[in-house]
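Below is one structure, written out as structure tokens, with a few remarks after it.
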Amino acid sequence: MISRLKALLTHPVLALLLRLYLAGVFIYASLHKINFPAEFADNIAGYLIVPYWLINPLAVFMPWLELVCGLFLLGGVRVRAASLLIGAMLVMFTVAVLVALIQDTPIGCGCFQSVGEPISWWTVLRDLAWLAMAAHVYFYDRLVHLDRLFMLKPEELGL
46 MISRLKALLT HPVLALLLRL YLAGVFIYAS LHKINFPAEF ADNIAGYLIV PYWLINPLAV
106 FMPWLELVCG LFLLGGVRVR AASLLIGAML VMFTVAVLVA LIQDTPIGCG CFQSVGEPIS
166 WWTVLRDLAW LAMAAHVYFY DRLVHLDRLF MLKPEELGL
């Protein structure tokens, strides 16, 4: 029974499905922030944990990183690197939400749109679930990787 459950949880198809789900989440999350960086900068400032000189660069850079990582996951390109970066962003997001909750800062999440749901402990649980998915993709995903199809191996180059 336990071996069957382990086989199910570590199956590459599950990792592929989680990879595609995370890709969709991060692509969708990035689109509004890319189009409205000033609103996203206001959301970042609302957390009261980022130095003021870092708010605008983060508001411009982070959504593009989300988009690129999401597209890499979707296309199966550098999946381990993309899932590692997404995991790092999720750790950062979770810590920011936790700090804001502990400080009782009444702000919206800023995850998908500027005027979104307020942060709550459900936001933390959702981010932790996505972090677990990113870890699963990092360790178990091995299906449909486009970079493996088109990458030249050193022996093919005569090296």
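This note's numbering numbers the first residue of the sequence shown as 46 and each following residue consecutively. Every residue, glycine too, gets a C-beta built ideally from N, C-alpha and C. All values reported here derive from a predicted model rather than from experimental measurement.
Cα-Cα separation between residue i and residue j, rounded to whole angstroms
i	j	result
A60	V144	31 Å
G120	A141	29 Å
M178	G155	21 Å
Y92	L65	29 Å
N80	V105	10 Å
H77	A52	38 Å
T150	A180	29 Å
V122	G132	16 Å
V189	I47	28 Å
Nearest-angstrom Cβ-Cβ length linking residue i and residue j, presumed shorter than 8 Å
i	j	result
D172	F195	Incorrect: roughly 33 Å between the Cβ atoms, too far for contact.
P163	I152	7 Å
Contact under 8 Å by Cβ, residue i with residue j
i	j	result
R125	Y183	yes
A187	P57	In the sequence under discussion, the amino acid at residue 187 is Arg, which differs from the Ala named in the question. In this structure, P57 lies closer than 8 Å to R187 by Cβ.
L118	L62	no
L135	W109	no
M111	S75	According to the sequence provided, residue 111 is Glu. The question's Met does not apply to it. For E111 and S75, yes; Cβs fall inside 8 Å.
V113	L103	no
Residue i - DSSP class collapsed to helix/strand/coil
i	result
P96	coil
P151	coil
Any alpha helix (DSSP H) of 4 or more consecutive residues that is wholly inside the segment 110 to 151: Runs of the alpha helix (DSSP H) lying entirely within the segment 110 to 151 and spanning at least 4 residues, in chain order: 124 to 147.
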